[in-house]
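Only one structure is covered here, and it is reproduced in the block below.
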């Protein structure tokens with residue numbers, strides 16, 4: 061089932077991000093792995109459970125900060141929706157497309173998080189640099205992660221966008 | 021009503037259902053954002069439940085990191101003795117591994133001794149805790165520690181090291197707690213400059229350290245002066261080091277100077293902390309500027 065798989069993968073991605081941060085990786089070089097799970101989900105299946113999956117992955121990231129609930133989950137749903145609407149027109153097997161899509165997805169998600177965050181003034185100075193840095197690193201990681209997910213779970217199939225997906229239980 | 025809704029969703033295409041559920045979930049996210057910003061306890065409780073689930077994995081990852089680091093150091097040290105025969109090399113590797121482990125233990129011992137000595141000298145009663153995780157998103161400056169309410173860690177407790185202030189507990193579960201660093205954008209500490217006695221609020225600037233706000237232009241502050249906690253915010257005990265003044269600028273036509281403060285604690289490298297006991301706050305009072 062796509063929802064369960066997205067939640068499990070999102071939990072693992074969030075844990076990995078936390079471990080990378082703990083190892084001293086600068087925030088501006090942090091790949092948004094959890095976001096990439098939502099992006100891969102959007103290319104795998106356009107369905108209501110997948111939307112809930114994207115929402116839940118965002119909520120897991122929200123919960124990992126203990127500050128506020130909602131900004132990441134909202135941002136991930138918007139990213140999922142936008143990508144699932146165009147996913148039939150994009151060739152996700154291309155590494156370049158995956159990188160470009162992930163770059164803009166990371167920019168969009170980060171901007172939405174900053175806009176929804178109560179601090180309000182996040183999109184300035186160092187945070188703008190961090191947003192761009194994270195988007196670039198996320199874009200670089202995306203083709204490799206998608207290839208790995210395709211090997212482990214199955215290749216996204218455009219024909220499956222209206223039905224069961226590689227992420228869904230077969 | 022439910023029948024009407026089911027009828028509507030039945031008539032919608034698959035794509036329409038996705039759009040409708042996305043809009044509903046975005047609305048739910050906005051509601052959650054508004055609600056949890058007014059009721060921080062909700063986010064804290066949810067977060068601690070998640071942290072409690074993840075804490076064993078974080079601890080395991082931390083142990084693994086220590087082992088891998090020790091082994092890597094052993095291998096790097098062994099590059100210079102490549103000419104040694106296989107048996108001796110194995111023995112040397114084993115001994116170096118042991119030495120590295122002992123060295124790590126010695127360094128940890130020294131840090132804990134410093135923490136204990138600091139606690140004794142300052143009269144602070146606290147719980148020593150190890151840092152086992154960091155905020156995964158990079159947007160919030162936070163840490164996860166391996167002690168929780170069962171060890172006496174309370175919501176709002178100040179978290180310090182022998183060098184100075186680290187932050188405060190914003191969520192506490194039975195076996196772990198989340199710490200909001202003083203450098204986070206939403207963090208603020210009532211502070212006083214040691215020599216000039218000028219009072220202000222040390223606000224987090226993210227990775228750029230701290231800014232001391234509300235320091236009037238009449239205050240004579242010099243670079244390098246220590247900035248201490250005033251103890252007036254009810255969170256941090258008085259006299260703890262926050263950092264030192266690193267830059268001062270007039271601040272244009274405003275009433276106040278712009279004072280930058282370099283934190284005393286290198287937060288990226290902090291491994292053990294002391295959680296101060298006896299200053300528990302209500303959930304709504306934590307995590308924000310005074």
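Chains as they are written, first to last, in our numbering: chain R, 61 to 230; chain W, 21 to 310. Note that beta-carbon positions come from the ideal geometry of N, C-alpha and C, so glycine has one too. Note that the structure is a prediction, hence the values are computed from the model and not measured.
Limits of the beta strand (DSSP E) - the one that residue 212 of chain W falls within: Position 192 of the second chain, counting from 1, holds the residue named residue 212 of chain W. In the DSSP assignment, residue 212 of chain W falls within the beta strand (DSSP E) that extends over 208-213.
Contact set between residue 210 of chain R and chain W, taken where Cβ atoms lie within less than 9 angstroms: Within the first chain, numbered from 1, the residue matching residue 210 of chain R stands at position 150. Near residue 210 of chain R there are no residues of chain W at all, since even the closest Cβ is about 22 angstroms away, more than 9 angstroms.
Under 7 angstroms between C-beta atoms of residue 229 of chain W and residue 193 of chain W: Counting from 1 along the second chain, the entry for residue 229 of chain W is found at position 209. Counting from 1 along the second chain, the entry for residue 193 of chain W is found at position 173. In this structure, residue 193 of chain W does not lie closer than 7 angstroms to residue 229 of chain W by Cβ.
Alpha-carbon spacing of residue 263 of chain W relative to residue 213 of chain W, whole angstroms: Here residue 263 of chain W refers to the residue found at position 243 of the second chain. Here residue 213 of chain W refers to the residue found at position 193 of the second chain. C-alpha separation (whole angstroms): 10 angstroms.
For residue 193 of chain R and residue 88 of chain R, the rounded distance between their alpha carbons: Against the first chain, residue 88 of chain R aligns to sequence position 28. Against the first chain, residue 193 of chain R aligns to sequence position 133. For residue 88 of chain R and residue 193 of chain R, the distance between alpha carbons rounds to 5 angstroms.
Strand pairing of residue 292 of chain W, partner residues [DSSP]: Taking the second chain and counting its residues from 1, the one referred to as residue 292 of chain W is at position 272. BP columns for residue 292 of chain W point to W:150.
DSSP beta-bridge partners of residue 187 of chain W: Start at 1 with the first residue of the second chain, and residue 187 of chain W comes out as number 167. In DSSP, residue 187 of chain W forms a bridge with W:179 and W:201.
Contact between the segment 216-231 of chain W and the segment 126-146 of chain W (3+ Cβ pairs under 8 angstroms): no
Beta-bridge pairing of residue 165 of chain W - partner residues as DSSP gives them: The count along the second chain starts at 1 and reaches residue 165 of chain W at position 145. As a beta-bridge residue in DSSP terms, residue 165 of chain W pairs with W:151 and W:197.
Chain R contact for residue 194 of chain W (CB, 7 angstroms cutoff): Taking the second chain and counting its residues from 1, the one referred to as residue 194 of chain W is at position 174. Not an interface residue.
Exposure of residue 196 of chain W, with buried meaning 16 or more beta-carbon neighbours within 10 Å: If you number the second chain from 1, residue 196 of chain W lands on position 176. Residue 196 of chain W comes out buried.
Short Cβ contact (7 angstroms threshold) for residue 158 of chain R with residue 203 of chain R: Taking the first residue of the first chain as position 1, residue 158 of chain R is located at position 98. Taking the first residue of the first chain as position 1, residue 203 of chain R is located at position 143. Yes. Within cutoff.
Interface flag, residue 128 of chain R vs chain W, CB-CB below 7 angstroms: One-based indexing of the first chain puts residue 128 of chain R at position 68. It does; some Cβ of chain W falls within 7 angstroms.
Endpoints, the alpha helix (DSSP H) within which residue 166 of chain R is located: Residue mapping note: residue 166 of chain R aligns to position 106 of the first chain, counting from 1. Segment 155-176, the alpha helix (DSSP H) holding residue 166 of chain R.
Classification of residue 85 of chain W by the beta-carbon crowding that lies within 10 angstroms, buried from 16 upward: Residue numbering aside, residue 85 of chain W sits at position 65 when the second chain is read from its first letter. The residue in question, residue 85 of chain W, is exposed, as its Cβ has fewer than 16 Cβ neighbours within 10 Å.
Chain R within 7 angstroms of residue 124 of chain W, Cβ atoms only: Along the second chain, one-based indexing puts residue 124 of chain W at 104. Not an interface residue.
Listed by chain order, chain W residues near residue 87 of chain R by CB distance under 9 angstroms: Counting from 1 along the first chain, the entry for residue 87 of chain R is found at position 27. Per Cβ cutoff of 9 angstroms: 155, 157, 158, 159, 161, 226 and 227.
Beta carbon of residue 370 of chain W nearer than 7 angstroms to that of residue 190 of chain W: Not covered by the structure: residue 370 of chain W. The range shown for chain W is 21 to 310.
Coarse secondary structure for residue 128 of chain W, derived from DSSP in three states: Within the second chain, the letter at position 108 stands for residue 128 of chain W. Residue 128 of chain W: helix per DSSP, three-state reduction.
Under 8 angstroms by beta carbon: chain R residues contacting residue 41 of chain W: Translated into the one-based positions of the second chain, residue 41 of chain W becomes position 21. Ordered by position in chain R, the residues that pass the 8 angstroms Cβ test against residue 41 of chain W are 108, 111 and 112.
Supposed close pair residue 199 of chain W, residue 249 of chain W - CB separation, criterion 8 angstroms: One-based indexing of the second chain puts residue 199 of chain W at position 179. One-based indexing of the second chain puts residue 249 of chain W at position 229. With a Cβ gap of about 16 angstroms, residue 199 of chain W and residue 249 of chain W do not count as contacting.
Nearest candidate by alpha-carbon position, reference residue 55 of chain W, set R:130, R:146 and R:142: Locating residue 55 of chain W in the second chain gives position 35, counting from the first residue. Closest option to residue 55 of chain W, Cα to Cα, is R:130.
Among R:140, R:186 and R:117, nearest to residue 43 of chain W - alpha-carbon criterion: Within the second chain, numbered from 1, the residue matching residue 43 of chain W stands at position 23. Cα-wise, what sits closest to residue 43 of chain W is R:140.
Buried or exposed by the 16-neighbour rule on C-beta atoms within 10 Å, applied to residue 166 of chain W: As a first step, residue 166 of chain W must be located in the second chain, where it is residue number 146. Residue 166 of chain W comes out buried.
Best match in W:205, W:220 and W:76 for proximity to residue 153 of chain W [C-alpha to C-alpha]: Along the second chain, read from residue 1 onward, the residue named residue 153 of chain W stands at position 133. Comparing Cα-Cα distances from residue 153 of chain W to each of W:205, W:220 and W:76, the minimum goes to W:76.
Three-state secondary structure (DSSP) of residue 88 of chain W: Reading the second chain from its first residue, position 68 is the one you call residue 88 of chain W. Residue state, collapsed to three classes: helix.
Partner residues on chain W for residue 75 of chain R, Cβ-Cβ distance less than 7 angstroms: For the purposes of this step, residue 75 of chain R is identified with residue 15 of the first chain, where counting begins at 1. Simply 74 and 77.
Host alpha helix (DSSP H) of residue 96 of chain R (start-end): The residue you call residue 96 of chain R lines up with position 36 of the first chain. 93-104 is the span of the alpha helix (DSSP H), which, as asked, contains residue 96 of chain R.
Residue 34 of chain W, buried or exposed, once every other Cβ within 10 Å from all chains shown has been counted against 16: Within the second chain, residue 34 of chain W is the residue found at index 14, counting from 1. With fewer than 16 other Cβ atoms inside 10 Å of its own Cβ, residue 34 of chain W counts as exposed.
Cβ neighbours of residue 204 of chain W in the same chain (closer than 8 angstroms, five flanking residues each side left out): Numbered from 1 along the second chain, position 184 holds the residue referred to as residue 204 of chain W. The residues are 160, 161, 162, 187, 224 and 226.
Among R:164, R:173 and R:211, the one whose alpha carbon lies nearest that of residue 195 of chain R: Position 135 of the first chain, counted from the start, is the residue given in the question as residue 195 of chain R. Ranking R:164, R:173 and R:211 by Cα distance to residue 195 of chain R puts R:164 first.
CB of residue 278 of chain W within 7 angstroms of CB of residue 269 of chain W, strictly: The sequence position of residue 278 of chain W within the second chain is 258, counting from 1. The sequence position of residue 269 of chain W within the second chain is 249, counting from 1. Yes, Cβ-Cβ distance for residue 278 of chain W and residue 269 of chain W is below 7 angstroms.
Spatial neighbours of residue 252 of chain W in its chain, beta-carbon cut-off 7 angstroms, leaving aside the 5 residues before and after: Looking up residue 252 of chain W in the second chain gives position 232. So the qualifying residues of the chain are 210.
Cβ contact check for the segment 75-87 of chain R and the segment 99-117 of chain R: 3 or more pairs under 8 angstroms: no
Environment of residue 154 of chain R [buried if 16+ CB atoms lie within 10 Å]: Taking the first residue of the first chain as 1, we reach residue 154 of chain R at position 94. Residue 154 of chain R comes out exposed.
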